[in-house]
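Visitor: Quick note, the sequences are listed as chains A and B, same order.
Offset between the first sequence (1-based) and the numbering used here: plus 1.
Offset between the second sequence (1-based) and the numbering used here: plus 1.
Glycine included, every Cβ here is placed at the ideal spot set by N, Cα and C.
Sharing a structure with you now.
2 protein chains.
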Amino acid sequence: MKYDDAKSKFISTWGSLGTLWGINKAMAQIHALLLISPEPLSMEDIMEELHISRGNTSMNLRQLMDWGIVFKENKIGERKEFFTSEKDVQELARQIAKERSRRELQPTIKILNDVSNIKDDGTDKTKELIKQTKALHEMAETLDIMMNKVVGQGNNWITKALVKLVK
Amino acid sequence: MKYDDAKSKFISTWGSLGTLWGINKAMAQIHALLLISPEPLSMEDIMEELHISRGNTSMNLRQLMDWGIVFKENKIGERKEFFTSEKDVQELARQIAKERSRRELQPTIKILNDVSNIKDDGTDKTKELIKQTKALHEMAETLDIMMNKVVGQGNNWITKALVKLVK
DNA sequence: TCAAACTTTCAAAAAATATTGAAAGTTTAA
DNA sequence: TTAAACTTTCAATATTTTTTGAAAGTTTGA
Numbered sequence: 002m003k004y005d006d007a008k009s010k011f012i013s014t015w016g017s018l019g020t021l022w023g024i025n026k027a028m029a030q031i032h033a034l035l036l037i038s039p040e041p042l043s044m045e046d047i048m049e050e051l052h053i054s055r056g057n058t059s060m061n062l063r064q065l066m067d068w069g070i071v072f073k074e075n076k077i078g079e080r081k082e083f084f085t086s087e088k089d090v091q092e093l094a095r096q097i098a099k100e101r102s103r104r105e106l107q108p109t110i111k112i113l114n115d116v117s118n119i120k121d122d123g124t125d126k127t128k129e130l131i132k133q134t135k136a137l138h139e140m141a142e143t144l145d146i147m148m149n150k151v152v153g154q155g156n157n158w159i160t161k162a163l164v165k166l167v168k
Numbered sequence: 002m003k004y005d006d007a008k009s010k011f012i013s014t015w016g017s018l019g020t021l022w023g024i025n026k027a028m029a030q031i032h033a034l035l036l037i038s039p040e041p042l043s044m045e046d047i048m049e050e051l052h053i054s055r056g057n058t059s060m061n062l063r064q065l066m067d068w069g070i071v072f073k074e075n076k077i078g079e080r081k082e083f084f085t086s087e088k089d090v091q092e093l094a095r096q097i098a099k100e101r102s103r104r105e106l107q108p109t110i111k112i113l114n115d116v117s118n119i120k121d122d123g124t125d126k127t128k129e130l131i132k133q134t135k136a137l138h139e140m141a142e143t144l145d146i147m148m149n150k151v152v153g154q155g156n157n158w159i160t161k162a163l164v165k166l167v168k
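So, in structure tokens, the structure goes:
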């Protein structure tokens, strides 16, 4: 496989993976492109490489910056803005875990908690609702801890130990 | 909060969570409904509760069964089919982890492997592509192991130990 | 201050995805 | 074998999401 093939294969794979995880194609592809680009890219560059419009590029870059995985960079003497991705994949994972926890897991945990705390009126259906949402609540909290502590942190010795232990 | 409110809050939360993870609303809601239902439900029951069409119900039930988290059940003397969800949330998580690994992670790992093994022609861009896809490959493999071994298996002592260790 | 060089916004259009419902298919019991 | 009781399929439709592109906004340097 030649460089250009490998590159486009990677970008398109990342793009379709993204949609599978609720991230839109353009956003995932921009991220992929920046991740493998040795130099920061301008908006023009990105638009050209991925054949997407200026508006689309602008909006998705903003989202990637909100996620904390893409940064603006300024080249001296250049008016326009350049963008780079977080290049350390450990740090990338940590950031994504943190944001998904904040945006999805924590609100879910809150609701599972509310729902599982309704008054037990003694009926089967109420008992089942309480039982299952309690179980989900506990599981979600465990997941939250694992995402933030195991994947996260600079430490990472836990992950290494784990992988060794379990491989 | 009363039972009915709690129930519909749970179902709608699960539904919107689903869409965030690339699972459609109806599928996630059917799953939620079955999860908290003490009795197996018929297609009629589901259609009525969730206000969705027969076709939609049929297709999404089939998908849930493909995922291995919903089962057909037959009541004696009844012609129609009834459905239940996997009720053990540990087992549910295990099954979901296994399926996501198989459908998403493993194909991705394969492609990352292919891409990261292109010939190094000495250019910066090739070096960067190889470096980053190698790093992602390693990370994806670690994630795969964790999903299948840590969340999965009946063992689960690892998870418990981990949570205790890290909480 | 102006205007060139950019970026952002957002209404409209396009694309992707989910849903419906009726026809076709299947199973069962008599 | 038939017909009632169900389930599945799938083309058409509806809904949601993404993308576009041009106008509005911003920043900078002269």
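(1) On the CB-based measure, 16 or more other CB atoms within 10 Å of its CB, does residue 8 of chain A come out buried or exposed?
(2) Hey, would you say residue 106 of chain B sits closer than 8 Å to residue 144 of chain B, going by beta carbons?
(3) If distances are taken between C-alpha atoms only, which option among B:152, B:97, B:3 and B:22 comes closest to residue 70 of chain B?
(4) So with Cβ pairs under 8 Å, would you call residue 105 of chain B a contact of chain A?
(5) Please report whether the beta-carbon of residue 2 of chain A lies at a distance below 8 Å from any beta-carbon of chain B.
(6) My output table needs one value for residue 85 of chain A: the three-state DSSP class, helix, strand or coil.
(7) What does residue 21 of chain A reach in chain B if we use C-beta pairs closer than 8 Å?
(8) Between the C-alpha atoms of residue 123 of chain B and residue 116 of chain B, what's the straight-line distance to the nearest angstrom?
(9) Can you tell me whether residue 75 of chain A is buried or exposed, with buried defined as 16 or more other CB within 10 angstroms of its CB?
(10) Let me make sure I understand the geometry here. Which of B:132, B:100 and B:84 has the alpha-carbon closest to that of residue 40 of chain B?
(11) What residues in its chain sit with their C-beta under 6 Å from that of residue 51 of chain B, if we drop five residues either side in the sequence?
(12) Report the partner residues of residue 75 of chain A according to the DSSP bridge assignment.
(13) Should residue 20 of chain B be labelled buried (16 or more other beta-carbon atoms within 10 Å of its own) or exposed?
(14) Kindly list, in the order they appear in chain B, the residues whose Cβ is closer than 7 Å to that of residue 39 of chain A.
(15) Just to make sure I have the definition right: I need the residues of chain B whose C-beta is within less than 8 Å of the C-beta of residue 140 of chain A. Which are they?
(16) Which residue marks the beginning of the alpha helix (DSSP H) containing residue 52 of chain A, and which one marks its end?
(17) Which first and last residues belong to the alpha helix (DSSP H) in which residue 117 of chain B is found?
(18) At a Cβ threshold of 8 Å, is residue 83 of chain B touching chain A?
(19) Nearest to residue 15 of chain B by CA position, among B:25, B:33 and B:5, is which residue?
(20) Would you call residue 147 of chain A buried or exposed, if buried means 16 or more other Cβ atoms sit within 10 Å of its Cβ?
(21) Assign residue 79 of chain B to one of two classes, buried (16 or more other C-beta atoms within 10 Å of its C-beta) or exposed (fewer than that).
(22) Looking at C-alpha atoms only, which residue of A:4, A:67, A:27 and A:36 is the closest neighbour of residue 103 of chain A?
(23) On the three-state DSSP scale, how would you describe residue 43 of chain B?
(24) What does the Cβ neighbour count give for residue 24 of chain A, buried or exposed, with the cut at 16 atoms within 10 Å?
(25) At a CB-CB cut-off below 7 Å, which residues of chain A make contact with residue 115 of chain B?
(26) Hey, how far is the Cα of residue 18 of chain B from the Cα of residue 27 of chain B?
(27) For chain A, find out if any of its Cβ atoms is closer than 8 Å to the Cβ of residue 64 of chain B; answer yes or no.
(28) Within a Cβ cutoff of 6 Å, which residues of the same chain sit near residue 22 of chain B, ignoring the five residues on either side of it in sequence?
(29) To the nearest angstrom, how far is the alpha carbon of residue 45 of chain A from that of residue 133 of chain B?
(30) When you compare only the Cα positions, how much space is there between residue 42 of chain A and residue 149 of chain B?
(31) The alpha helix (DSSP H) that contains residue 9 of chain B, what's its start and end?
(32) So residue 141 of chain B and residue 119 of chain B are supposed to be a Cβ contact under 8 Å. How far apart are they, rounded?
(33) What is the DSSP secondary structure of residue 125 of chain A, counted as helix, strand or coil?
Guide: In short:
(1) buried
(2) yes
(3) B:97
(4) yes
(5) yes
(6) strand
(7) 23 and 105
(8) 16 Å
(9) exposed
(10) B:84
(11) 30
(12) A:82
(13) exposed
(14) 125, 126 and 129
(15) 90, 91 and 94
(16) Run containing residue 52 of chain A: none; DSSP gives neither H nor E here.
(17) 107 to 117
(18) no
(19) B:33
(20) buried
(21) exposed
(22) A:67
(23) strand
(24) buried
(25) 2
(26) 11 Å
(27) no
(28) none
(29) 23 Å
(30) 38 Å
(31) 4 to 21
(32) The Cβ separation is near 18 Å, so there is no contact.
(33) helix
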